[in-house]
Amino acid sequence: MAVEVSVRDAAARMGVSPQRIRSLARGGRIPARKIGRDWAIEIDQLSQGGPGRSAVGRPLSARSSWAILQLLDGRQPGGRSRSELARARARLAGVVGMAPGELAARAEVHRLVVHRGMLDRLGNDPRVVLGGVSAAAHHNADLVSLEELEGYVREGDLEGVISDYALVSPPGGVRANVVLRVPVPDWPFEKDQRVASASVVAVDLVDARDERSVRAGRALLADCLQDVPA
Numbered sequence: 203m204a205v206e207v208s209v210r211d212a213a214a215r216m217g218v219s220p221q222r223i224r225s226l227a228r229g230g231r232i233p234a235r236k237i238g239r240d241w242a243i244e245i246d247q248l249s250q251g252g253p254g255r256s257a258v259g260r261p262l263s264a265r266s267s268w269a270i271l272q273l274l275d276g277r278q279p280g281g282r283s284r285s286e287l288a289r290a291r292a293r294l295a296g297v298v299g300m301a302p303g304e305l306a307a308r309a310e311v312h313r314l315v316v317h318r319g320m321l322d323r324l325g326n327d328p329r330v331v332l333g334g335v336s337a338a339a340h341h342n343a344d345l346v347s348l349e350e351l352e353g354y355v356r357e358g359d360l361e362g363v364i365s366d367y368a369l370v371s372p373p374g375g376v377r378a379n380v381v382l383r384v385p386v387p388d389w390p391f392e393k394d395q396r397v398a399s400a401s402v403v404a405v406d407l408v409d410a411r412d413e414r415s416v417r418a419g420r421a422l423l424a425d426c427l428q429d430v431p432a
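Throughout the sequence shown, residue numbering follows our numbering, covering 203 to 432 in sequence.
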């Protein structure tokens with residue numbers, strides 16, 4: 203079972219302010235769940251010096267994050283200045299080794315629990331674009347899980363999805379089996395798209411922070427990088 207501590211305790215352990223911990227939790231950059239108006243922080247990885255510690259640094263902006271992901275997918279990011287595009291291209295060289303959470307600003311993260319019998323129905327809902335572990339096999343990543351679901355939803359669909367499938371915040375000590383991400387600032391997927399692109403899935407896997415997911419995510423990022431036009 204996950205060990206959780208208060209925001210204040212997590213801040214003391216990581217040597218940052220409580221405000222910084224709340225910001226990291228809201229962005230999904232550290233394992234956390236919402237309790238009322240505050241957060242409970244999973245301390246296991248942080249206390250072991252695990253990947254969560256790398257989250258303390260400032261992430262790239264949502265615009266920068268999506269520019270990198272679009273370049274990795276072989277697309278030209280729209281609405282960016284020449285300097286923004288140049289910075290995004292320069293960052294591609296280090297994308298395979300990036301820390302978990304470095305592109306977390308791309309979406310707001312909601313960690314939830316659903317009855318296992320509803321996972322397939324949720325995954326087939328047209329409002330959900332599958333990502334992370336739920337889309338890994340689609341992109342030939344070496345990772346499969348039938349007991350959890352990751353996906354992207356529009357901000358306007360989030361409450362409806364939560365209500366329709368009776369999704370709730372995880373009780374104390376229980377890990378979420380659903381991760382829903384709301385992209386910001388804009389919806390990046392095509393109409394009727396059901397599976398996120400390889401680059402997005404790869405970063406989702408890296409952000410999962412467990413060793414196997416990070417390894418699979420970085421391997422997929424390396425594949426994406428090979429296909430980027432010079």
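Backbone N, C-alpha and C define an ideal beta-carbon position, used for all residues, glycine too.
Sequence-distant residues of the same chain with beta carbon closer than 7 Å to residue i, five excluded per side
i: Asp211; result: none
i: Ser336; result: Gly325, Leu351, Glu352 and Gly353
i: Glu304; result: Pro261 and Leu262
i: Arg396; result: Val331 and Leu332
Spatial neighbours of residue i in its chain, beta-carbon cut-off 8 Å, leaving aside the 5 residues before and after
i: Leu294; result: Ile270, Leu273, Leu274, Leu427 and Val430
i: Val416; result: Pro253, Pro302, Leu407, Val408 and Ala410
Test item: CB-CB of residue i and residue j under 8 Å
i: Gly334; j: Glu310; result: no
i: Val297; j: Ala378; result: no
i: Lys236; j: Ser365; result: no
i: Trp241; j: Arg224; result: yes
i: Ala424; j: Leu345; result: no
i: Ala398; j: Leu332; result: yes
i: Arg329; j: Val376; result: no
Rounded separation between residue i and residue j - CA only
i: Arg383; j: His312; result: 6 Å
i: Phe391; j: Gly280; result: 13 Å
i: Gln250; j: Glu286; result: Reliability fails at Gln250, whose pLDDT of 44 lies under 50, so the model's placement of it is uncertain and the value that follows must be treated cautiously. In a straight line, the C-alpha of Gln250 is about 36 Å away from that of Glu286.
i: Arg207; j: Val380; result: As written in the sequence, residue 207 is Val, which differs from the Arg given in the question. Cα to Cα, the separation comes out at about 21 Å.
i: Ser283; j: Pro385; result: 21 Å
i: Met320; j: Ser347; result: 15 Å
i: Arg356; j: Arg265; result: 17 Å
i: Val218; j: Arg239; result: 20 Å
i: Arg323; j: Ile243; result: 29 Å
Close-in-space but distant-in-sequence residues of the same chain around residue i (CB under 6 Å, 5 per side omitted)
i: Arg420; result: Val298
i: Arg222; result: none
As an exercise, report each continuous alpha helix (DSSP H) stretch of at least 4 residues that is fully enclosed by the stretch 293-368, in chain order.
321-325, 334-337 and 357-366
Measuring CB atoms only, is the stretch 394-404 touching the stretch 336-350, in the sense that at least three cross pairs come out at less than 8 Å?
yes
Could you tell me whether the stretch 273-289 touches the stretch 225-239, using the rule of 3 or more Cβ pairs below 8 Å?
no
Length at least 3, wholly inside the stretch 376-412: the beta strand (DSSP E) runs in chain order
380-385
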